[in-house]
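Quick notes on the structure that follows.
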Amino acid sequence: VLTLHGLAMRLVGASFADRADKTEEDFTKILLDATALMRGDGLLPEEADAQREQLLAGFRWILGDEYQDIGNEEYELISALAGRTRTDEEGRINLFAVGDDDQNIYGFKGASSEFIRRFETDYQAKPAYLIENYRSSAHIIAAANALIAPAAERMKAEHPIRINKSRTKRPPGGDWQKRDTVGQGRVQILSAGNDGKTQAMAVMAELERLAACDADWNWATCAVIAREWKLLEPLRGY
628 VLTLHGLAMR LVGASFADRA DKTEEDFTKI LLDATALMRG DGLLPEEADA QREQLLAGFR
688 WILGDEYQDI GNEEYELISA LAGRTRTDEE GRINLFAVGD DDQNIYGFKG ASSEFIRRFE
748 TDYQAKPAYL IENYRSSAHI IAAANALIAP AAERMKAEHP IRINKSRTKR PPGGDWQKRD
808 TVGQGRVQIL SAGNDGKTQA MAVMAELERL AACDADWNWA TCAVIAREWK LLEPLRGY
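Laid out in structure tokens, this is it:
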């Protein structure tokens, strides 16, 4: 189990253990070097095949997670690992990838959902839509679907998320529908002002209100998410 960069470093025998000055360019070069190694650049075809066979050491499957986060360099490395451009079926490796274009948040560093869209034709693959949610209540799922619906060029526009079958008869607000007489398990938008301090107070007031509704309340299971770390500083102070 490796990150793509970790795999690339293992393939080329690289280590940054003693380097505090490593940069993004260093990691990009590692990906490029590993891709060239897997393709056998500069070698005769039979030598390239032998090198590839030795590097892969008999592995027949690649399972890649968070496929929406890859950029061009990662894409080329995966292609080389899978043997995408090879004409012989024996020289290819089975590739299984999971990704969600709705979660593509690394566009600023080159990641693109375009690679998910190309996956079916690149690898003659059959897509499967994982649309059952086993974690959230029906109210939360409905709010999430409504929030993401206006996003352009979504791959799951015709495949909205739904609650998993074994929970379909549960209250849409889950346990909180009965527990909280105010919110009843619904997603709420709270007026909290534009100041970090007032927002922190509004967040904590709501969490403390919810805590009073639950005899088994555990603060360790709560999360507060903000766009920037600095926005959470007043909350920490509270």
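Following our numbering, the numbering of the sequence shown begins with 628 at its first residue and continues without gaps.
Yeah, the Cβ is synthetic: ideal placement off N, Cα and C, and Gly gets one too.
Please read these numbers as outputs of a predicted model, since none were measured by experiment.
Between the alpha carbons of THR662 and TYR865 lies a distance of about 49 angstroms. For ALA647, there is no enclosing alpha helix (DSSP H), since its DSSP letter is neither H nor E.
Note on geometry: alpha-carbon atoms of VAL628 and LEU664 lie some 20 angstroms from one another. Bridge partners of GLU759 according to DSSP: ARG789.
Note on geometry: alpha-carbon atoms of LEU757 and THR825 lie some 39 angstroms from one another. Between ASP696 and TYR750, the C-beta gap is not smaller than 8 angstroms, which leaves the two residues out of contact.
For LEU858, the secondary structure class from DSSP, reduced to helix, strand or coil, is helix. Of all C-beta pairs linking the segment 759 to 768 to the segment 713 to 730, fewer than three are shorter than 8 angstroms, placing the two stretches out of contact. Rounded to the nearest whole angstrom, the CA to CA distance from THR655 to LEU638 is 14 angstroms.
The continuous beta strand (DSSP E) containing PHE723 extends over residues 721 to 724. ARG806 has its alpha-carbon roughly 52 angstroms from the corresponding atom of PHE643. Non-local C-beta neighbours of ASN760 in its own chain, meaning closer than 8 angstroms and more than five positions away in sequence, comprise ILE768, ILE788, ARG789, ILE790 and ASN791, ordered along the chain. DSSP places TRP688 in the strand class (E or B) of the three-state scheme. Spatial neighbours of MET782 in its own chain (CB-CB distance under 6 angstroms, excluding positions within 5 residues in sequence) are listed in chain order as ASP728.
Your pair CYS849 and LEU834 checks out as a contact, with CB atoms roughly 6 angstroms apart and the cut at 8 angstroms.
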